[in-house]
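Okay, structure first, notes after.
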Amino acid sequence: MNLVSLIWAYVHDPANDFGGHTHDFLLVALWSIAMSIIIGVPLGIIAAQNRVVAFLATSLSGAGRAIPTIAFFGLAAALPILGLNDRSAIIALTLLGIPPILLNTIAGLQGVDNTLVDAARGMGMTFTQRMVRVQLPLVLPVIAAGVRTTAVQVIATTPLITFLGLGGYGEYIVGGIGRSTDAGTAQVLAGAIPVLALALLAEYGLAAVQRALTPVGLRKQTIPVAEIVADSASAEPGKGVMAA
Amino acid sequence: MPPKTLQELLSQINTYLHNKYIWDASRDDSIPRLFVAHMTLVGWSLLISVLIAFPISLLIVRFTNLYLPAISVAGLLYTVPSLVMFSLLVPITGLTETTAIIPLVLYAQIVLIRNFVAAIRAVDPVLQDVGRGLGMSETQLLVRVTLPLALPVIIAGLRVATVATIGLATIAPIVSYNDLGSLIFNGFQPFYPAQLVVVAVLITLIALIADVLLLGVQRLLSRGRALVVAQ
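And the structure:
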């Protein structure tokens, strides 16, 4: 049998529960991306109001880059009450996923032309109105760039949940490594191909979303800002890089 | 046993740190030995990374059209999840040290090439003209004028790559290269929280110390000149 039919057979064998592993993988990855957005964006809005807080958030996120991805799982699982379960995995991946969104939100908001904010203030807008009607629409593409980086990074790291005994595509990859047979290679690929496909989908699919969110008149100016911010936050693979 | 309170976790950590086996350098799985293995992998990977990224950067500076294709390829490689990259190499290069090094080298390219190119481009062209006026050859110009001036920014790129590589090397036990990462992978089953915390903190500290050391080198080399940091 050739490799393609071996992979096909592996995926369709009910004993390998491809559907279940896909469910485990997506559940953890999507929850983590959602939590990163839910926490990262408001945190960024708060941090952007104050230079000291913004500096602290930026430095802390920078220092966080020194923590290996697998160590996030180790640290979360070791915490009292948590242990080896999907809550620990989601907490670890959320902590990993917050910095790009947080940094982009801060940088984006700080990059909004002050005269626009002053004009909005002069028109009598409240803080919430200025944020919702003026600043956030301008910053949305930059935040989207952060979400893209986060999504790629979370998807790239989720296979490691297999070490917490949580299944997912990583189980196929880790189980197949070192089996030097064609069946072993097929097993690795049955896990590696979906992970790679999801990572590329996030990188290039969300790049399209990012472009769509950018007001037409601003496309030339806003995108470079977004790219630079996204890049400076990405010192690790899977964190996604510009594809301008 | 999973700790129930923070105190319990801390006392488990204390017990772990006082375990003499983890410091016994005659054991293969001791922290000192795994540290050496970790840094050996990082060292080789960075050395090879620079040896590849540097000529590519010189070419890009000379032939500007190469920038976009080179960066796009390096960016695409960077998007490949590390577990996928390591596992896909195994059928080709086997469970060897080479399989551990290749992904680290490929991932470092994007950071290094970007910084090297920016560093060389940031050198004032007037100074290069002066060199030319003095009758320097292209090689002399590169070695005596451009590189010394570009060095601080080059080191800045190396810093980012070093921190990333130290973290990434933690995944190498996947392909049977045992370094500090293996203590994390072994800490899940059976569950050993103290080991997970100690080793996670240790690797993070190593990365931060490497970062600070290289920052020192960078400062030393810039000799008071303002730094242009590459994006």
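Those sequence lines, one after another, are chains A and B.
For the first sequence, my numbering gives the first residue as 24, with consecutive numbering after it.
For the second sequence, my numbering gives the first residue as 10, with consecutive numbering after it.
Note that CB positions come from ideal geometry on N, CA and C, so glycine has one too.
Pick from the options that is closest to residue i, judged by C-alpha positions
i	options	result
GLY134 of chain A	A:LEU224, A:GLY85, A:VAL157	A:VAL157
LEU229 of chain A	A:ILE69, A:ALA209, A:ILE56	A:ILE56
LEU43 of chain B	B:GLY166, B:GLY190, B:PRO134, B:LEU167	B:GLY190
ALA117 of chain B	B:LEU143, B:ALA83, B:ILE180, B:TYR201	B:ALA83
ILE113 of chain A	A:ARG202, A:ILE178, A:LEU132, A:GLN210	A:ILE178
PRO238 of chain A	A:PRO103, A:GLN152, A:PRO160, A:THR128	A:PRO160
ILE129 of chain B	B:VAL152, B:SER146, B:THR213	B:VAL152
LEU223 of chain B	B:ILE110, B:HIS47, B:GLY144, B:VAL162	B:VAL162
VAL114 of chain B	B:LEU143, B:LEU177, B:ASP220	B:LEU177
ASP37 of chain B	B:GLY225, B:THR213, B:LEU77, B:ASP188	B:ASP188
LEU219 of chain A	B:VAL93, B:VAL207, B:LEU158	B:VAL93
MET48 of chain B	B:LEU229, B:LEU143, B:GLY225, B:LEU211	B:LEU211
ALA99 of chain A	B:ALA173, B:ILE175, B:ALA219, B:PRO11	B:PRO11
PRO112 of chain B	B:ALA170, B:ARG141, B:TYR76	B:ALA170
PRO100 of chain B	A:ILE216, A:ALA225, A:VAL211	A:VAL211
PRO91 of chain A	B:ALA209, B:LEU229, B:ALA219	B:ALA209
ASN127 of chain A	A:ALA70, A:TYR192, A:VAL140	A:ALA70
LEU66 of chain A	A:LEU118, A:GLY193, A:ASP36, A:ASN39	A:LEU118
LEU97 of chain B	A:GLU226, A:TYR227, A:ASP205	A:ASP205
GLY85 of chain A	A:ALA225, A:GLY120, A:THR138, A:PHE96	A:GLY120
ALA77 of chain A	A:GLY63, A:ARG88, A:ALA89	A:GLY63
ILE30 of chain A	A:GLY240, A:THR208, A:GLY42	A:THR208
ASN124 of chain B	B:TYR186, B:THR102, B:VAL70, B:ALA219	B:VAL70
LEU241 of chain A	A:VAL165, A:ARG74, A:MET58	A:VAL165
GLN72 of chain A	A:SER28, A:THR151, A:LEU224, A:PRO217	A:THR151
ALA101 of chain A	B:GLN21, B:GLY225, B:THR213, B:LEU77	B:GLN21
ALA127 of chain B	B:LEU160, B:GLY140, B:LEU150, B:ILE40	B:LEU160
Residue i: contacting residues in chain A (beta-carbon distance under 9 Å)
i	result
ILE164 of chain B	What ILE164 of chain B touches in chain A: nothing, since even the nearest Cβ is about 15 Å away.
LEU217 of chain B	ALA86, ALA89
ALA46 of chain B	What ALA46 of chain B touches in chain A: nothing, since even the nearest Cβ is about 15 Å away.
Under 8 Å from the C-beta of residue i: neighbouring residues of chain A
i	result
VAL13 of chain B	Before going further, note that residue 13 of chain B is Lys rather than Val in the sequence given. In chain order: PRO103, ILE104.
GLU9 of chain B	Chain B is shown only over 10 to 240; residue 9 of chain B falls outside these bounds and no answer can be derived.
THR213 of chain B	ALA89, ILE90, PRO91, ALA94
ASP220 of chain B	ALA89
For residue j and residue i, believed in contact at Cβ under 8 Å, the rounded distance
i	j	result
PHE197 of chain B	LEU189 of chain A	Not a contact, Cβ separation roughly 10 Å.
ALA235 of chain A	TYR33 of chain A	With a Cβ gap of about 37 Å, ALA235 of chain A and TYR33 of chain A do not count as contacting.
PRO182 of chain A	ILE200 of chain A	Between ILE200 of chain A and PRO182 of chain A the Cβ distance is about 12 Å, and since that is not below 8 Å, they are no contact.
GLN227 of chain B	ALA165 of chain B	6 Å
ILE122 of chain B	SER66 of chain B	5 Å
VAL170 of chain A	ALA222 of chain A	Not a contact, Cβ separation roughly 14 Å.
GLN233 of chain A	ALA167 of chain A	4 Å
ILE110 of chain B	SER54 of chain B	5 Å
ILE93 of chain A	THR173 of chain A	Wrong, their Cβ atoms sit about 18 Å apart, outside the cutoff.
GLU17 of chain B	PRO103 of chain A	7 Å
TYR227 of chain A	HIS44 of chain A	Between HIS44 of chain A and TYR227 of chain A the Cβ distance is about 24 Å, and since that is not below 8 Å, they are no contact.
LEU104 of chain B	VAL184 of chain B	5 Å
GLU194 of chain A	THR185 of chain A	4 Å
ALA173 of chain B	LEU50 of chain B	That belief does not hold up - the Cβ atoms of ALA173 of chain B and LEU50 of chain B are roughly 13 Å apart, past 8 Å.
ILE175 of chain B	ALA131 of chain B	At roughly 27 Å, the Cβ-Cβ gap does not stay under 8 Å, so ILE175 of chain B and ALA131 of chain B are not in contact.
LEU187 of chain A	PHE96 of chain A	6 Å
LEU150 of chain B	GLY140 of chain B	5 Å
Residues that residue i contacts on chain B, provided the C-beta gap is smaller than 9 Å
i	result
ALA100 of chain A	PRO11, GLY196, PHE197, PHE200, PRO202, LEU205
ALA57 of chain A	Here the premise fails: no neighbours, minimum Cβ distance about 20 Å.
VAL197 of chain A	LEU92, SER96, ILE183
Closer than 7 Å at the beta carbon, the chain B residues around residue i
i	result
VAL175 of chain A	THR88
ALA179 of chain A	PRO90, SER91
GLY63 of chain A	The premise fails here: GLY63 of chain A is roughly 21 Å from chain B at the closest Cβ pair, so nothing lies under 7 Å.
Amino acids of chain A, ordered along the chain, whose beta-carbon sits closer than 7 Å to that of residue i
i	result
ALA79 of chain B	Here the premise fails: no neighbours, minimum Cβ distance about 12 Å.
ALA34 of chain B	Per Cβ cutoff of 7 Å: no residues; ALA34 of chain B is ~23 Å from chain A at best.
Chain B residues whose Cβ lies nearer than 8 Å to that of residue i
i	result
GLY43 of chain A	Within 8 Å Cβ-Cβ: nothing; GLY43 of chain A doesn't reach chain B, min ~19 Å.
### Query
Which residues, in order along the region 89–116 of chain B, keep a beta-carbon less than 9 Å from a beta-carbon of chain A?
Along the region 89–116 of chain B, going in chain order, the ones with a CB nearer than 9 Å to a CB of chain A are VAL89, PRO90, SER91, LEU92, VAL93, MET94, PHE95, SER96, LEU97, VAL99, PRO100, GLY103, LEU104, PRO112, LEU115, TYR116.
### Task
Could you please tell me which residues of the region 182–193 of chain B, in chain order, have their CB closer than 8 Å to any CB of chain A?
Residues passing the 8 Å Cβ filter: ILE183, VAL184, SER185, GLY190, ILE193.
### Query
Taking any Cβ of chain B, which residues in the region 182–195 of chain A have a Cβ under 8 Å from it, in chain order?
Those would be PRO182, LEU183, PHE186, LEU187, GLY188, GLY193, in chain order.
### Query
Between the region 201–222 of chain A and chain B, which residues of the former have CB atoms less than 7 Å from a CB of the latter, in chain order?
So the close ones are GLY201, THR208, VAL211, ALA215, VAL218, LEU219, ALA222.
#### Entry: Runs of alpha helix (DSSP H) lying entirely within the region 157–193 of chain A, each at least 4 residues, in chain order
You should have 159–180.
### Task
Could you list the residues in the region 65–93 of chain A with a C-beta less than 8 Å from some C-beta on chain B, going in chain order?
Listed by position along the chain: ALA86, ARG88, ALA89, ILE90, PRO91, THR92, ILE93.
### Task
Using a Cβ-Cβ cut-off of less than 8 Å, list which residues of the region 106–122 of chain A approach chain C; keep chain order.
Among the chains of the structure shown, chain C does not appear; the protein chains present are A and B.
### Task
Counting only runs of 4+ residues fully inside the region 72–143 of chain A, write out the alpha helix (DSSP H) ranges in chain order.
Complete alpha helix (DSSP H) runs here, min 4: 74–87, 92–101, 109–134.
### Query
What beta strand (DSSP E) runs, 3 residues minimum, are completely inside the region 12–58 of chain B?
Listed in chain order, there is nothing to give.
### Message
Along the region 148–180 of chain B, where does the CB come closer than 9 Å to a CB of chain A? Name the residues.
### Response
Residues of the region 148–180 of chain B with a C-beta atom less than 9 Å from some C-beta of chain A are VAL169, ALA170, VAL172, ALA173, ILE175, GLY176, LEU177, ALA178, THR179, ILE180, listed in chain order.
### Contact list for the region 51–73 of chain B against chain A, Cβ threshold 7 Å
Those residues of the region 51–73 of chain B that come within reach of chain A (Cβ to Cβ, closer than 7 Å) do not exist; the list is empty.
### Query
What are the residues of the region 124–148 of chain B that lie near chain A, defined by any Cβ-Cβ distance shorter than 7 Å?
Listed in chain order, the positions of the region 124–148 of chain B with a beta carbon within less than 7 Å of a beta carbon of chain A would be empty, since no residue qualifies.
### Message
Please identify, using Cβ separations under 9 Å, the residues of the region 133–154 of chain A that lie next to chain B, in order along the chain.
### Response
So the list is empty, because no residue satisfies the distance condition.
### Task
Go through the region 161–205 of chain B residue by residue and report every complete run of the alpha helix (DSSP H) that reaches 4 residues or more, in order.
Counting only runs of 4 or more, we get 189–194.
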